[in-house]
Amino acid sequence: MKQKGFTLVELMVVLTIIAIALAFGLPGMGYVIDSNRLTSSTNELVGALNFARSEAVKRGRTTRIAASSGGTGWQGGYRVWIDTDNDGSYDAGEEQLRIFDAFKDETTATGPSTAISFSGSGFASVAASIKLCSGNNNIATGRKVDVSSAGRVTIIDEVCP
20 MKQKGFTLVE LMVVLTIIAI ALAFGLPGMG YVIDSNRLTS STNELVGALN
70 FARSEAVKRG RTTRIAASSG GTGWQGGYRV WIDTDNDGSY DAGEEQLRIF
120 DAFKDETTAT GPSTAISFSG SGFASVAASI KLCSGNNNIA TGRKVDVSSA
170 GRVTIIDEVC P
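Everything in the sequence shown is counted per the numbering used here, starting at 20 for the first residue and increasing by one.
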């Protein structure tokens, strides 16, 4: 009777090949995962900026977006509101349009400590930049989200420390 199956040597050869493939493949996966997380966070921020601008145009009123914490750390979340008293900060009673939660990954985002304002015509009060970097060391290149005074939002690759 003929037996079917693997010999111990054949099994060890296959396991060795799998181990070698994993040794080369897994470190590269860390870069891909971190890059996708950074891209996702960047796209979320760009969407929020475009939302703030479109709401300003739609309503014909000044709309602002700023870090929820009130500092330069935008990774903790940010909010969009209509600034009824034009003081540049969110006050109780003002119309809050949307709150964006903190990033779900280790992305850091630093930007202006004051709100970015869009007028009813869609123009930004001043040009501003927000820099996003991965919290992991797998990626040395981050993103810089620029808002021009015309209100246009662009993404530029940026070197992170």
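Yeah, the Cβ is synthetic: ideal placement off N, Cα and C, and Gly gets one too.
ask   = F70 and V99 look like a contact to me (Cβ under 8 Å); what is the Cβ gap, rounded to whole Å?
value = In the sequence shown, counting from the first residue as 1, residue 70 sits at position 51. In the sequence shown, counting from the first residue as 1, residue 99 sits at position 80. Their Cβ separation, rounded to whole angstroms, is 6 Å, which keeps F70 and V99 in contact under 8 Å.
inquiry  = Could you give the first and the last residue of the continuous beta strand (DSSP E) run that contains I118?
reply    = Against the sequence shown, residue 118 aligns to sequence position 99. Run containing I118: E114 to F119, per the beta strand (DSSP E) assignment.
ask   = What is the rounded straight-line gap between the Cα of G24 and the Cα of G154?
value = Locating residue 24 in the sequence shown gives position 5, counting from the first residue. Locating residue 154 in the sequence shown gives position 135, counting from the first residue. So the alpha carbons of these two residues sit roughly 48 Å apart.
inquiry  = Which runs of the beta strand (DSSP E) at least 3 residues long sit entirely within the region 134–179? Give them in chain order.
reply    = 135–137, 147–152, 160–166 and 172–178
request  = Find out if the Cβ-Cβ distance for the pair S167, A143 is shorter than 8 Å.
outcome  = Within the sequence shown, numbered from 1, the residue matching residue 167 stands at position 148. Within the sequence shown, numbered from 1, the residue matching residue 143 stands at position 124. Result yes, Cβ atoms of S167 and A143 sit closer than 8 Å.
inquiry  = Tell me the rounded alpha-carbon separation between T103 and E74.
reply    = On the sequence shown, residue 103 is found 84 positions in, with the first residue counted as 1. On the sequence shown, residue 74 is found 55 positions in, with the first residue counted as 1. Distance between the alpha carbons of T103 and E74: 14 Å.
ask   = According to DSSP, what are the bridge partners of I84?
value = Position 65 of the sequence shown, counting from 1, holds the residue named residue 84. Partner(s): V99 and I135.
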